[in-house]
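Same order as they appear, the protein sequences are chains A and B. The opening residue of the first sequence carries number 9 in our numbering; numbering runs sequentially from there. The opening residue of the second sequence carries number 587 in our numbering; numbering runs sequentially from there. Think of the CB as a built atom: it goes at the ideal place given N, C-alpha and C, for glycine as much as any other residue. See structure below.
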Amino acid sequence: ETGVTQTPRHLVMGMTNKKSLKCEQHLGHNAMYWYKQSAKKPLELMFVYSLEERVENNSVPSRFSPECPNSSHLFLHLHTLQPEDSALYLCASSQDPGLADYTDTQYFGPGTRLTVL
Amino acid sequence: DAKTTQPNSMESNEEEPVHLPCNHSTISGTDYIHWYRQLPSQGPEYVIHGLTSNVNNRMASLAIAEDRKSSTLILHRATLRDAAVYYCILRGPISSGSARQLTFGSGTQLTVLP
Numbered sequence: 009e010t011g012v013t014q015t016p017r018h019l020v021m022g023m024t025n026k027k028s029l030k031c032e033q034h035l036g037h038n039a040m041y042w043y044k045q046s047a048k049k050p051l052e053l054m055f056v057y058s059l060e061e062r063v064e065n066n067s068v069p070s071r072f073s074p075e076c077p078n079s080s081h082l083f084l085h086l087h088t089l090q091p092e093d094s095a096l097y098l099c100a101s102s103q104d105p106g107l108a109d110y111t112d113t114q115y116f117g118p119g120t121r122l123t124v125l
Numbered sequence: 587d588a589k590t591t592q593p594n595s596m597e598s599n600e601e602e603p604v605h606l607p608c609n610h611s612t613i614s615g616t617d618y619i620h621w622y623r624q625l626p627s628q629g630p631e632y633v634i635h636g637l638t639s640n641v642n643n644r645m646a647s648l649a650i651a652e653d654r655k656s657s658t659l660i661l662h663r664a665t666l667r668d669a670a671v672y673y674c675i676l677r678g679p680i681s682s683g684s685a686r687q688l689t690f691g692s693g694t695q696l697t698v699l700p
């Protein structure tokens, strides 16, 4: 139990559906992250939020839309996805190293396994 | 970004020490060396990190070469629960904000044999 929870754990959706992934952290952190892990590929950073403001967006297609309503919650809204978007989506949190003079540790949730049909 | 090189896979016997190597010949003077691991069906978890000196914690030890171009993660007594993919990651300068980036490579798949 890392203090970062993700729901749902598994999701199957059609290409025309709209769904949302939810992440919640109970660690008092001020930064949250979305990563994508496709089969046979390394984890890829998608988005970074610090103090509820998006600070990094790594060229992610617009069919992925993040939302951070407060420092404890992070959402990833999905619409008109493609089969190649099937992957494990991981959320993480940390104390933002950009605001403090130390190197942080990122704490990951268990991920949401997404299948797009 | 400086990159790391790790063996694709390693095997160890249960209750024996494991030395997981990582090469990072282009490391900069301000890069921290981080290790994470990912157990099956879980997200990655932090193991240890260091800058120049060797480091120990309850999970593992990190031995850093004097020239910092390589490092070794040491599990002192491997258990079956240590079977995972181990990632060696360099973190950029804190002040630049690029330290937010955790750039994962392919890692080393550790198999622990009973």
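Q: Please check if any C-beta of chain B sits within less than 7 Å of the C-beta of L51 of chain A.
A: yes
(Q) Could you compute how far the alpha carbon of S67 of chain A sits from the alpha carbon of M54 of chain A? (A) 8 Å
Q | Anticipated Cβ contact below 8 Å, V604 of chain B with L696 of chain B, distance rounded | A | 7 Å
Q.
Which residues in chain A have a C-beta closer than 8 Å to the C-beta of L659 of chain B? List them in chain order.
A. Simply none; closest approach about 16 Å.
Q) Where does L625 of chain B land, buried or exposed, given buried means 16+ other C-beta within 10 angstroms? A) exposed
(Q) Just to confirm the assignment, what range does the beta strand (DSSP E) spanning H18 of chain A have? (A) H18 to M21
(Q) I'd like the list of long-range same chain contacts for A669 of chain B, defined as Cβ closer than 8 Å, with 5 residues on each side in sequence excluded. (A) L625, P626, L696, T697 and V698
Q) Name the DSSP bridge partner or partners of L688 of chain B? A) None; L688 of chain B has no bridge partner.
Q. For R677 of chain B, which beta-bridge partners are listed by DSSP?
A. B:Y618
**Q.** Cutoff 7 Å: Q114 of chain A Cβ touching any chain B Cβ
**A.** yes
(Q) Please tell me whether S692 of chain B has its Cβ less than 7 Å away from any Cβ of chain A. (A) Output row for S692 of chain B: interface = yes.
Q: Using three-state DSSP, classify R121 of chain A as helix, strand or coil.
A: strand
**Q.** Segment contact, 8 Å Cβ cut-off, at least three pairs: the stretch 79-91 of chain A with the stretch 628-647 of chain B
**A.** no
**Q.** Closest by C-alpha distance to P630 of chain B, when choosing among A:N65, A:R71, A:P74 and A:Y97
**A.** A:Y97
(Q) List, in chain order, every chain A residue whose beta-carbon is nearer than 8 Å to that of Q695 of chain B. (A) Here the premise fails: no neighbours, minimum Cβ distance about 12 Å.
Q. What is the DSSP secondary structure of P74 of chain A, counted as helix, strand or coil?
A. strand
Q. On the premise that S94 of chain A lies in contact with T123 of chain A, defined as a C-beta separation below 8 Å, what is that separation, rounded to the nearest angstrom?
A. With a Cβ gap of about 5 Å, T123 of chain A and S94 of chain A count as contacting.
Q) Comparing the C-beta of P118 of chain A with each C-beta of chain B, is any distance below 7 Å? A) Contact with chain B is found for P118 of chain A, since one of that chain's Cβ atoms lies less than 7 Å from the residue's Cβ.
Q | Per DSSP, cross-strand counterpart(s) of L29 of chain A | A | A:L84
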